[in-house]
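Counting along the sequence shown from 1, when you hit position 209 you're at 209 in the UniProt record's numbering, and nothing is skipped either side.
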Amino acid sequence: MSFTRVLIANRGEIARRIQRGCRKLGLETVAVFSEADRDAPFVAEADHAVCIGGAAPSESYLNIATILDAARATGAGAVHPGYGFLSENAGFASAVEAAGLAFIGPGPGAIAMMGSKIEAKAAAETAGVPVLPGYRGAEQSDARLLQEAQALGTPFLVKASAGGGGRGMRLVTDLADAPEAIASARAEAKGAFGDAAVFLERYAPRARHVEVQVLGDSYGTVLHLGDRDCSLQRNHQKLIEEAPAADLPEAVRDDMLSAAVRLAQSIGYRSAGTVEYLYDPARGEYYFLEMNTRLQVEHPVTEAITGIDLVEWQLRIARGEALTLAQSDVRFDGHAIEVRIAAENPAENFSPETGRITLWAPPAGVRLDSGVAAGSVVGHHYDSMLAKLIVHAADRAGAIRRAVAAIDTFAVGGVGLNLSYQRALLTHADFQAFRHHTSGLSEMFPGGWSQPAPDARDTGLAAMALHMHLAPAGGSPWQSLGAWRITAPAGRSGAASYWATSGDEPIRLSGTPAELAALFPDGQSITVESAVLTGGRLSGRIDGVPFTRIAHVERARDHWRVHLQTPAGMTVTDLRTLEDQHLARASVGASGADLLTAPMPGAVAEVRVALGDRVAAGDTLVVLEAMKLLQSLPAPVAGVVTEIYCAPGDTVAGHAPLVKLDPEETT
C-alpha cells in the first residue's frame, strides 16, 4: 500500500523516534497531541500537527474516532501506533484499515489472538513452544479456579488474560490466600482492561525475562533479530534491558530463537514483534509468556547490535515491501544496554516527579531517545518514562562502563529522575555477575535504596561552583556578595557563607579564585587553586593535582541547586546564601502541619475520611493518582477532620490543600 504521510498515534520519545524513521524514507509526519502536550518537542518537529483533545488519555490518545478524523483531515495514508495506548488494540487496527489507511503493525487478527494471554498460550502450545503449567480454561467460576489452584500447588500466579505490565496479577504462596487473590486480580483486570478473565500458572522464582525480536513481511518470511534480557524489573515494569541476553546456554538460546520464529509463522505475523519468555536457570528450561504485537520500548538495543532499523522496516513492510534479508544476513555485533529514564524518586517509594525541566544536559557520544528538552513540562497524566539512554560496546562489561559513564555526566534540573538508582543497578555485583532476576530488587537492596549524598569535598566544590556562579563575569566575587555578606575578622578580605538546606551551620568560603578555600562546620577544609567555572565545568587544582568536573548551577524555588559530577556519580547539593537562609528562617511556621496538601499534581482517586472523623498520624486520608501510580497521602498529625477541599475525580495542582485537621493536643 503506497503512502507518503504517516500519522503517529502516540507521544513523547517514541513519536520522535518514529518521526526519524519517516524522515529517513522521505515520508511526512502528522503529530496528534493533547492539550497538555501542545508545546512538546514531538509536536514542534512534525510536518503537521493536530490537537485531538484534553490531557486525559481517554480524551485524546485513546480516542479512536478523533485520531481517524485527524488522519483524514491531514491526508495521512498510514497510522503508526508506537507502543502503549492503542498499539495492541485490535479494534483500532481494524478501524484504521476500514478507513482505507495502512496500519503500521500486524493484522488485527494477530493482535487479538496475542492480546488474550489464554489464546496466546494456546497458540504457543500448538506451535510447539513450551508454556508454564497452569489453568487457562474458559470456565471462570470460583469453584473451578480454586480446584485448579489446589491441583497446581503453590507458588502460583493469578494473571489477567487481557493484562500486561503487572496489572491484574497476584502471587499466591498459601492456598488460603487464593480466594482473595483471584477476586482482587479479577477486579483490577476488569477496571484496567474491561475483561475480568484470569488464568493460573506456576510461579518460577529467581527466573529471568528473555525475549526474542522477530520481523515478518506479508509474504510469509519471518526472521529473528536475536534476543534481549529484561530481567531487572520493578512491579513487572522493566528498568534496564540488554542485548544479547548474557550467560544463556547456547542450546537454550537457539531453541528460543527458532521457537519464536515458528510461533510468528504459525499466526501469519507481519511487522516487528516480540516473543517473551521466562527462563528458569535452576531447571535450564524456558516458557512462553506472551507476544507483544508492536514495537518494544527496548528495540534500540536490538538495533545497536544488528544495525537494522526496526522502524524503517515496519514502514517498508506496511508499504508492501518484502524483506530483503535472509536469516544468514543478520549479524550480531557486541553488546548494548538501554536504561529507562523516568521522572520518579526511587528513594521515596518511586513517587512520581512533576514540574518544568529547568536543566537538560545529556551526555555526548551515546544514543538518547528523549521526549523532553529544557523547558518541557512533566505532568501527571502520562507514564513517567521521559527518555531512554542506549550504549553499545564490544562486550557486556564495556557496555556497563559506558552506561555508567554516561549517567555520570547527565544533569537534569527541575524534575527529579531515577538516574542514580539506575547507576546503582548497573554497578551492583548481582547484575554484573548475572545473579539478577525478575523479582530480585529486594535482594539487591534489602534495606531499601537511598540517594547517594555528596561527601565533604564534593559539598565544598559545589559551594565553590555556586560562589563563582554568583560572581559577575570577569569581576571579583566580593563585589557582588550583597548586603548580607559577612566581613571576616582580623582585616581579611571577607568571607561568604553558604548553608546546606539540611544544616544549620554554614560552609565559609574565603580567598579569590586564584586560591579559594572552603571551611566546613566540623573544621575540615579544602582549597582549590586556579578555580574556574565556565561552560558547565568547574576546574582547578587540589594539592597540585588538576581536576575538572561537570557543574551546573540553577535556582530552585527558595535556594540554589548545584549538579556536580563526582566519583559516585552526578550528585545534587542544595545550598542557601545568607539571604536565602534569612528568608527561610522568617518563613518557619508560615504553613501549619495541620493541612494535608498534594505533593504533586494529580487526580483524586479516593477520599477516605469524612468531616468529623478522628484520625491518627499516618492514616491515609486521600489517594492520589499521578503517572499511572496511586499515592496514599497520610495524615500529617493526629486530629479531627474539619475541612475537605477535594472529591474523587477532582484534578488538583501540586501543593493544593486537600484536608484540614484540628490537631489533637499533646501533653
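Virtual Cβ for every residue (Gly too), placed ideally from N, Cα, C.
query, result
"Enumerate, from N- to C-terminal direction, the unbroken beta strand (DSSP E) stretches of 3 or more residues contained entirely within the stretch 58-111.", "78-80"
"Does the pairing of the stretch 334-354 with the stretch 403-421 give three or more beta-carbon distances under 8 Å?", "yes"
"With a threshold of 8 Å on Cβ separation, who are the neighbours of Gly379 within its own chain once the five nearest residues in sequence on each side are excluded?", "Ala36, Ala55, Thr354, Pro601"
"Smallest Cα separation from Asp574: which of Gly503, Gly612, Leu629, Gly544?", "Gly503"
"By alpha-carbon positions, which one of Met468, Pro567, Tyr645 ends up nearest to residue 668?", "This structure cannot speak to residue 668, because the chain is shown only from 1 to 667."
"Measure the CB-CB distance between Leu658 and Val622 and report whether it falls below 8 Å.", "yes"
"Suppose you measure from the CA of Ile507 to the CA of Thr548; what does that come to, to the nearest Å?", "21 Å"
"Just tell me which of Lys117, Leu611, Glu242 has its CA closest to the CA of Leu306.", "For the sequence presented, residue 306 should be read as Thr rather than Leu. Among Lys117, Leu611, Glu242, the Cα nearest to that of Thr306 is on Glu242."
"Answer with buried or exposed for Gly356, where buried requires no fewer than 16 other C-beta atoms within 10 angstroms of its C-beta.", "The residue asked about is misnamed: residue 356 is Arg in this sequence, not Gly. Exposed, by the Cβ-count rule."
"To the nearest whole angstrom, what separates the beta carbons of Phe3 and Arg319, a pair I think is in contact under 8 Å?", "7 Å"
"Cutting at 8 Å between CB atoms, please list the residues of its own chain near Arg262, excluding the five before and the five after it.", "Ala127, Gly128, Val129"
"Could you please give the first and the last residue of the uninterrupted alpha helix (DSSP H) stretch that includes Pro205?", "Note, Pro205: premise wrong, no alpha helix (DSSP H); not H, not E."
"For a test of the three-state rule: what should DSSP assign to Glu664, helix, strand or coil?", "coil"
"Does the Cβ of Asp247 have 16 or more other Cβ atoms within 10 Å, making it buried, or fewer, making it exposed?", "exposed"
"Which residues in the same chain have their Cβ closer than 6 Å to the Cβ of Thr642, if we skip the five residues on either side of it in sequence?", "Lys660, Asp662"
"Hey, could you find the ends of the beta strand (DSSP E) Phe42 is sitting in?", "Phe42 -> not in any beta strand (DSSP E); alpha helix (DSSP H) instead, spanning 41-45."
"Taking His224 and Ala260 to be in contact with their CB atoms under 8 Å, please state how far apart those CB atoms are, rounded to whole angstroms.", "6 Å"
"What residues in its chain sit with their C-beta under 8 Å from that of Pro521, if we drop five residues either side in the sequence?", "Gly503, Glu505, Pro506, Ile507"
"Anyone know if the C-beta pair for Pro81 and Asn10 falls short of 8 Å?", "yes"
"Helix, strand or coil: how does DSSP classify Ala453 here?", "coil"
"Alpha carbon to alpha carbon, how far is Thr577 from Ala500?", "9 Å"
"Would you identify the three-state DSSP class for Arg253, choosing helix, strand or coil?", "helix"
"Are the stretch 390-405 and the stretch 55-66 touching by the rule of at least three beta carbon pairs closer than 8 Å?", "no"
"Report, in whole angstroms, the separation of the C-beta atoms of Ser258 and Gly216, which I expect to be a contact under 8 Å.", "The Cβ separation is near 15 Å, so there is no contact."
"Straight-line CA distance for Thr487 to Gly511?", "Any answer about Thr487 is weak, because its pLDDT of 40 lies below 50 and its placement is not dependable; what the coordinates show is given next. Roughly 12 Å separates the two Cα atoms."
"Just grab the DSSP bridge partners of Val366 for me.", "In the DSSP output, where bridge partners are listed per residue, Val366 has none listed."
"Let me know the secondary structure DSSP gives Thr358 once reduced to three states.", "coil"
"Would you give the residue range spanned by the beta strand (DSSP E) that Tyr279 belongs to?", "271-280"
"Determine the direct distance from the alpha carbon of Phe350 to that of Trp449, and round the result to whole angstroms.", "10 Å"
"When the Cα of Ala205 is compared with those of Leu146, Gln237, Pro281, Gly164, which residue comes out closest?", "It should be noted that the sequence gives Pro, not Ala, for residue 205. For Pro205, the nearest C-alpha among the options comes from Pro281."
"Three-state secondary structure (DSSP) at Glu348?", "helix"
"State yes or no: is the C-beta of Leu157 within less than 8 Å of the C-beta of Arg144?", "no"
"Leaving aside the five residues before and after Pro244 along the sequence, list all residues of the same chain whose C-beta is less than 6 Å from its C-beta, in chain order.", "Gly226, Asp227"
"Could you tell me whether the stretch 423-433 touches the stretch 361-373, where touching means 3 or more Cβ pairs closer than 8 Å?", "no"
"Pull the bridge partners of Lys159 from the DSSP assignment, please.", "Met169, Phe199"
"The beta strand (DSSP E) with Cys51 in it runs from where to where?", "48-53"
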